[in-house]
Every structure is written in structure tokens, then in C-alpha cells.
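Numbering (the numbering used here), first residue to last: 1390 to 2003. This report concerns only the one structure given below.
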Amino acid sequence: MCGIVGYLGRETAQAPLIDGLRRLEYRGYDSAGIAFHEGSKFSMARETGRVNNLAESVQKKCSPASLGIAHTRWATHGAVTVSNTHPHLSYDEKFVLVHNGVIENFGALKRFLSDKGIDFASETDSEVLCNLIAFHYSELPEGENRFVDAVRQALPQCRGAYGIAVLCLDYPDTMIGARRGSPLVVGLGDEANFIASDASAFVGRAKEAVFLNDGELAVLQANDFRITTLEGQEATAVTHPVDEVSEEVELGDFDSYMEKEIYEQPMALQNTLLGRFGDDGTTSKLGGLEGHEDELRNLDRIIFVACGTARHACMVGEYLIERLARVPVEVEHASEFRYRNSPKAGKSLVIAVSQSGETLDTLEAVREAKTKGLLTLGITNVVGSSLARETDGGVYQRVGPEIGVASTKAFSSQACLCAMLGLALGRMRDLSPMDGQSIVEALKGLPDLVSEVLQKGEQIRELAIKYSKAEHLLFLGRQSLYPVALEGALKLKEISYAHAEGYPAAELKHGPIALINPDCPSVFIVEGNELSAKTIANMQEVKARKGPVLAIAPDGIEIPEEAADDVFRLPDAHEVVRPILANLPLQLFAYHFARLRGLDVDKPRNLAKSVTVE
């Protein structure tokens, strides 16, 4: 949830740390802080609010130090105050630490340390960990490995999740990182090394990345590094090239990352689809499924586990996979699945979906599935993420970095991959070659159709202007468009703070219709099939009660003038791509709705991009 970055090398640490924080700010922006190792002391700067506040403060206290750590916070324990802002200094001022995660037993550890006469300056669990390391250090004899040994003794006492970077005053050329449950990656450059929550922090500065596994510890120096287990055993360091994609994490001509990522979707989908169709033009070819064909062909059940937007993409997948492959599909909240005693029924497959690959609830759901001996597959956007490493196979989305907290291009890619999975499974079972061919053609044409919809962005802005005073909105759709209604409502809630709810259109009469009044607009996503007439009838029920209606409808569907106040037209398209196309105007609607209210769409209040805590 929080973002951490550390640097040691030849240049002064200030620029790479502040730059890294800016790239990690999507992980949390309640406060930010930085600490430098200046030989005889640590110098620090901490500010509430955005990284820019910290940058201004650091410029006034410019440090020549070449070793430092920094942090951008999403508050868990303790209010948003300077004293609760990371980095945290130990009671003896020998250690400074940044932390992402939650130490669940910090209360007991704090009492233990308090009984030893140790005082605390904050309300955070992170300061407890810093003081715990300092305490163990004080109990150890002097020696070359004293710093490492203190960290190794402290961390097994902690219950919960952590990704940490820590410095010790007695070791002016060393930084230690460790992880359990929270992501951490080492960046290797020319006479400079990094540690960070994700690789975007050091794109353009490091050449290779090493993703730490749970229970691993990294000891970094400017020209060297080693990875061990907490027990001290050497661990294999698998390096991955850091792609030269710095332009992908820059705004360019856009006003926000959300806007940029909405308009990146044609190219993002091209990348998702690239090279993933069979030579006969009737099926999809997903590399992560290779070696599991027999299991997939004989499946009795698929269980999707995901959170938030990813879960809505999975719900689209539920409709498409059942339609194409005729396999029963369940979509679970990952946070609920991990605590349920879900029966192991027949030959089941668990598919976990997470853009970051680090969503804690989703990872724990995967681990629960594996304890039951179930086959697990992952859909993620981040190479080397925990989800990619822990599942039995998987598929990368390949949409490039998604910085905006409100997910946009990731949803489209996830829904697209679900359709491709349904196609592959269908062709393994009883989907005809003719049907397979029509779906392949529809998917290949999807990027162009997305471009066509996005070219009508000005029309959506005008609709957002018309409805921007509303504080309550309903989003309604049927079948595969019901999850699109849920996603449209979620986007609006996330970035505009207006109250919005998504419902199946037919459920309108079972309660939500009581909310209808002139100040509560209803957004209907109309199908391009025989169900359209039923949805139009629902629209007329709303109009009869003086409720405003905005319809999102394909070109080929006639909308009676009396059924809607406004109609946004989508191109006619195959059912497998309709949900993706229908979601685009809802993304733009939420974006403009929030901007008209003067809100920061990239940093919505109380939210962070990657949820790595419970």
C-alpha cells in the first residue's frame, strides 16, 4: 500500500529518491519522508500531503549523502501527522527504517520494548519494528554481520506483512531490505543499487531487477548485493531486465494518468492480443496454459478470485466462459474466499486476477486454493510479481504501467483475456470452428473499435457536464453488461465521491426504483440482442417516475425518444467485446465528472493503487 525506495551509489541520493517517490505516489499520498546517511548522523525531512511538499522541504536541506531511503505513506496505524510519517528513527538514533505492510502483533512488541525502557515517538507499527531491530542490535556483540543479524533476529518476531528498507549508522555503505507479504524489488545499476516497492521507481536508472520472495533478505552496497533467507542461507537471485519504458510512466501531453491510460487502451489491447491466436484462426493461444491442456479440457468448475475492478472483469469472464465453453464459473471476492471452507468439488481451476500481482487478499486466496490441491492460474500485468511466481501458470496483460489509482486499461485487458480464455476452453470442448473464427475476428478488431469510441470523448464530456450536479446515480445492465454497470458505479465513486450503485436492470423493480426522482439519474447499458427490449422497458419505468435516463447503446438498437433523455452510441460488435466497449464511455464519464468537481482523479482520497494489507 505504501511506497518505499532506497538508493546507494556514487551520485547524491536526493534526486533518485525524490524521483522514485513521485513514481510510487500512486501507492499512497497521505505523507512522505526521506532520510540520508551522513556519516555521523541521519538527516531527515518529513511532510504530510504529497511528495511535492517533501521535495520543497528537501531542497532547503540539500544533503550531499549518497545513501538514503524514502517513503510515501497510505496511513494504517496512526493518523496522518508528521510524527507518524516515515522514515522512523530508532530510540538510540542508530537505525532508520521505512515499511510497507502491517505488523499485526505490534502492540505486544511495543509493550515488550516499553518494559525495556524504550520510548516511542509515533503511533505506528513501523516504529516498533525499527526499535525492535535496534534493541537486538544492542544485545549483539560487535562484528561484521551485526547489522544483518539484528534484522534477522527481529523479523521472525513480527506477525503480519512487511516490505522494509533499513539503514544503520555504523554501516555507512550498506542498506538492508526484506519482505514478507509486501512486494520488494532490488534494482541493479552502474555502481548504484536500489530497493523499492516496484520497479517503476528506478526505471531509467537501473538495468536489472531482482524480485524478492517472501522470507528473503537483501544486503545492498553500491557495487554488490546478496540475497539470503532470514535463516542466512544463500538464495538464488534471478535478474530481469528493466525495460526502457520511462516514457510510459510520464504524463506527456495528458493532464492525468487516468486520462492517459484511458486513451492508451487501443495500444494496450493490441499488446494483450499480440501473438495469441492459433494458426488456424479459430482459437486463442495463451502461453501460460501450456502443459495444462488435459486438465483444462476436463474441468468441472472455474473459480475466479479478485478484488475491486479486477473482480468486475472476472464477472464479465463468467458470462463469456459459460457461454463459450459451457463450464460452470463462480466469481469470488478474494477477501472472502480465503476465509471460507469452499468445498473441493470435482476438477476445479482457480484463476486469480490482479493488475499489480501483489494484492494481498488475492495472493492469500491463491495460497488457500493450493492447500486444497487445486490448479491455480494468474492474470497479472507485472512480470515477476508474487502472483506470477506463486500460481501454476498464468498470462501477462502486457498493457504497460498503470499508474492511475482508478484502474482503466487493466480492466479492458483483463476482460479481453477472459474472453480469450473462454475461446480457448470452448475450442478444447465443443465450440465450433466457425464460432471460433468469428470470435477471433471480433477480438482482432477490438483495438480499432476502442479507438472509434474514444474519438467521441467530447460527447461524453458534455454529458458529464449535464449530470455533474447529481449526488446519487444508478448504473444498470443485463448479463455481461451487469458487471459493466458495477464497474461504472465504482469508477464514479472512486474519483468523484458521488454515491453510485450498479444493479442488474431487471432488479430495478425489486427495491432500487424507490430511489428514482428528478435528482437521481440512471445510466442504462443496453444490450445489442433480444434483451434490449426488456432494458428499454426498464428505462421507460424510470422515465414514468421523472427520473433522468442516460442510455449507452449500440448503433443498431432503436431507443424511443420517450425512453431516454440522452443516448451515447457504441459501434455494433460481437457479444464478446461489447462489455469492453460499453465500459469506455463510463470511464470517461467518471473522469470528466470528477474533473468538473475540481478533484484529483489520480489520487482519490483514502485510496491507493495496490492493496497489500488486509
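Where a beta carbon is used, it is the ideal one built from N, C-alpha and C, also for glycine.
Is the CB-CB distance between residue 1832 and residue 1965 below 8 Å? Less than 8 Å separates the beta-carbon of residue 1832 from that of residue 1965.
Residues near residue 1413 in its chain [Cβ-Cβ closer than 8 Å; skip 5 each side]: Cβ-Cβ distances below 8 Å link residue 1413 to 1392, 1393, 1394, 1461, 1585, 1586, 1587, 1589 and 1590 in the same chain, with the five nearest sequence neighbours on each side left out; the list follows chain order.
Closest by C-alpha distance to residue 1431, when choosing among 1451, 1438, 1440 and 1457: The alpha carbon of residue 1431 has as its nearest neighbour, out of 1451, 1438, 1440 and 1457, the alpha carbon of 1457.
Starting from residue 1575, follow its DSSP beta bridges and name the residues at the other end. Residue 1575 is bridged to 1584 and 1599.
Just to confirm my understanding: we take residue 1885, look at its own chain, exclude 5 residues before and 5 after, and list those with CB closer than 7 Å. What are they? Hits under 7 Å: 1979, 1982, 1983, 1986 and 1988.
Whole angstroms are fine: how far does the CA of residue 1618 sit from the CA of residue 1429? Between residue 1429 and residue 1618, the C-alpha separation is close to 30 Å.
Residue 1393: first and last residue of the uninterrupted beta strand (DSSP E) it sits in: Note, residue 1393: beta strand (DSSP E), 1392-1398.
Please work out which residues of its chain come closer than 8 Å, Cβ to Cβ, to residue 1930, disregarding the five sequence neighbours upstream and downstream, and give them in chain order. Correct list, in chain order: 1897, 1898 and 1902.
Should residue 1783 and residue 1768 be called a contact, given that it needs their Cβ atoms to be closer than 8 Å? Taking 8 Å as the Cβ cut-off, residue 1783 and residue 1768 qualify as a contacting pair.
For a test of the three-state rule: what should DSSP assign to residue 1408, helix, strand or coil? Correct three-state label for residue 1408: helix.
To the nearest whole angstrom, what separates the beta carbons of residue 1606 and residue 1575, a pair I think is in contact under 8 Å? Approximately 11 Å separates the beta-carbon atoms of residue 1606 and residue 1575; this is outside 8 Å, ruling out the contact.
Residue 1854 - containing alpha helix (DSSP H), residue span: Residues 1846-1856.
What did DSSP end up calling residue 1403 once you bin it into helix, strand or coil? Assigned with DSSP and collapsed to three states, residue 1403 falls in helix.
Nearest candidate by alpha-carbon position, reference residue 1859, set 1834, 1663, 1889 and 1865: The alpha carbon of residue 1859 has as its nearest neighbour, out of 1834, 1663, 1889 and 1865, the alpha carbon of 1889.
Cβ neighbour criterion (16 or more within 10 Å) applied to residue 1403: Buried.
Where the beta strand (DSSP E) through residue 1967 begins and ends: Element bounds for residue 1967: not the beta strand (DSSP E) but the alpha helix (DSSP H), 1967-1985.
Could you check how far apart the C-beta atoms of residue 1418 and residue 1792 are, in whole angstroms? I think they sit under 8 Å. The beta-carbon distance between residue 1418 and residue 1792, rounded to whole angstroms, is 12 Å. This is too long to meet the 8 Å contact definition.
How close, in whole Å, do the beta carbons of residue 1455 and residue 1400 come, if the pair is a contact with beta carbons under 8 Å? About 6 Å separates the CB atoms of residue 1455 and residue 1400; that is less than 8 Å, so the two are in contact.
For my contact list, residue 1887 and residue 1879 are in at a C-beta cut-off of 8 Å; report their separation, rounded to the angstrom. About 12 Å; that fails the 8 Å criterion.
Measure the C-alpha to C-alpha separation of residue 1739 and residue 1935 and round it to an integer number of angstroms. Distance between the alpha carbons of residue 1739 and residue 1935: 45 Å.
Nearest to residue 1440 by alpha carbon, out of 1686, 1409 and 1771? Measuring C-alpha to C-alpha distances from residue 1440 to each of 1686, 1409 and 1771 identifies 1409 as the nearest.
Using 8 Å as the threshold, is the C-beta distance between residue 2011 and residue 1580 below it? This structure does not reach residue 2011, given that the chain is present from 1390 up to 2003, and the question cannot be answered.
Since residue 1700 and residue 1817 are thought to touch, with beta carbons under 8 Å apart, how far apart are those beta carbons, to the nearest angstrom? Your pair residue 1700 and residue 1817 does not check out as a contact, with CB atoms roughly 25 Å apart and the cut at 8 Å.
Between the CA atoms of residue 1543 and residue 1459 - distance to the nearest angstrom: When rounded, the distance between both Cα atoms is 21 Å.
Assign residue 1547 to buried or exposed, taking buried as 16 or more other Cβ atoms, counted over all protein chains shown, within 10 Å of its Cβ. Buried, because 16 or more other Cβ atoms sit within 10 Å of the Cβ of residue 1547.
Alpha carbon to alpha carbon, what distance is there between residue 1631 and residue 1647? Computed Cα separation, rounded: 24 Å.
Using a Cβ distance threshold of 8 Å, determine whether the stretch 1738-1757 contacts the stretch 1658-1668, with at least three qualifying pairs required. Cβ pair count under 8 Å is below three, so no.
So, with DSSP's three-state summary, where would you put residue 1918? Coil.
Buried or exposed by the 16-neighbour rule on C-beta atoms within 10 Å, applied to residue 1918: The residue in question, residue 1918, is exposed, as its Cβ has fewer than 16 Cβ neighbours within 10 Å.
Which full runs of the beta strand (DSSP E) of 3+ residues lie inside the stretch 1528-1576, going along the chain? Segments of the beta strand (DSSP E) lying fully in the stretch 1528-1576: 1549-1557 and 1564-1569.
Have a look at the DSSP bridge pairing and note the partners of residue 1613. BP columns for residue 1613 point to 1610.
Quick one, are the C-beta atoms of residue 1876 and residue 1972 less than 8 Å apart? Against a cut-off of 8 Å, the Cβ pair of residue 1972 and residue 1876 comes out as a contact.
Quick one: Cα of residue 2056 to Cα of residue 1423, how far? The first residue shown for the chain is 1390 and the last is 2003, placing residue 2056 beyond what the model contains.
Report the CB separation of residue 1568 from residue 1578 in whole angstroms; it is logged as a contact under 8 Å. Contact between residue 1568 and residue 1578 is absent: CB atoms are separated by about 20 Å, not below the 8 Å threshold.
Report the rounded CA-to-CA distance for residue 1727 versus residue 1703, giving the unit in angstroms. If you take the alpha carbons of residue 1727 and residue 1703, they lie about 17 Å apart.
Would you call residue 1707 buried or exposed, if buried means 16 or more other Cβ atoms sit within 10 Å of its Cβ? In this structure residue 1707 is buried. Its beta-carbon is surrounded by 16 or more other beta-carbon atoms within 10 angstroms.
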